[in-house]
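Report on one structure; see the data block that follows.
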Amino acid sequence: YYYILTNKSLSWEDALTNSIDFNAFRLIIISNDYEKKIEFYEKLILDDESIDFEKFLVLYILMGSNYYHLFNYDKALDYYNTVIELLNDSNRLIGDVYSHIGDVETSRYNFDLALDYYNKTIQILSNHNANQRHIVAICRKISYIYRQQNNYEYANLYEEQANEFDQGFPQLSHLYNERFVNYARNQADTHLNLSPSQQADRLYSIGVYLI
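Mind the numbering: the sequence shown is residues 9 to 219 in this note's numbering, read in order.
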């Protein structure tokens with residue numbers, strides 16, 4: 009995200025002198041504790057003088073993502089929408105944020121709204137010549153939604169588009185399968201009141217964003 013905003017990568021010198029990168033080591037320790045990560049990000053924003061506008065936006069996206077993991081979808085949307093309001097309409101990062109919002113709406117079973125955000129994502133990423141892998145990931149999410157709506161023609165169309173790109177490199181849009189499995193196990197324990205099929209739908213709808 010920082011590279012998208014600034015077209016600059018943070019150097020090793022930055023990692024040693026800039027606390028947001030130096031403290032990344034601490035995040036490894038608390039990586040499975042979303043509430044701790046949110047607390048950490050908030051502290052960075054309040055106390056760290058090195059947090060410029062771009063890093064502020066990145067931290068807001070990360071906090072939105074962590075609230076998403078906590079099923080606090082309203083709070084996640086608050087952070088995502090704040091980022092959108094602060095960005096120029098032509099900024100490519102809006103496409104990535106729209107993708108996150110699409111994930112939220114998918115998890116809420118607001119499939120038509122999710123499709124709208126995913127299609128906006130594809131349009132923005134295509135206009136900015138984004139890495140094809142990112143577009144492929146969105147195609148898989150769209151395919152999943154159409155299957156839930158029993159629209160198999162469109163579902164197969166988007167799945168075929170994704171498979172065509174992944175033909176020689178199937179790992180590209182499935183990099184986080186292990187993360188998804190671990191996350192899915194946690195969600196199954198959380199939503200014990202759901203039937204097995206409902207749990208499966210919820211887990212996949214939440215997990216597709218990890219592609």
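Just so it is clear, CB atoms sit at the ideal spot from N, CA and C, and this is done for glycine as well. All figures in this text were calculated on a predicted structure; none of them were measured in a lab.
When the beta-carbon positions are compared, G110 and Y87 stay at least 7 Å from each other. When only Cα atoms are considered, E172 and Y162 end up about 15 Å apart. Beta-carbon to beta-carbon, V105 and I92 are separated by about 6 Å, close enough to satisfy the 8 Å threshold. Taking C-beta atoms as the reference points, H77 and Y117 fail to come closer than 7 Å.
Assigned with DSSP and collapsed to three states, H136 falls in coil, not helix or strand. Annotation for S73: the continuous alpha helix (DSSP H) segment containing it runs 61-77. Shown here, E168 sits in a helix according to DSSP, grouped into three states. The C-beta of Y166 has 16 or more other C-beta atoms within 10 Å across all chains shown, which makes the residue buried. Annotation for I150: L123, Y126, Y166 place their beta carbon closer than 7 Å to its own, counting only its chain and skipping 5 residues before and after. With a minimum length of 4 residues, the unbroken runs of alpha helix (DSSP H) contained wholly in the stretch 80-135 fall at 81-94, 101-115, 119-135. If the five residues before and after R155 are omitted, its C-beta is found closer than 8 Å to the C-beta atoms of A163, all from its own chain and listed in chain order.
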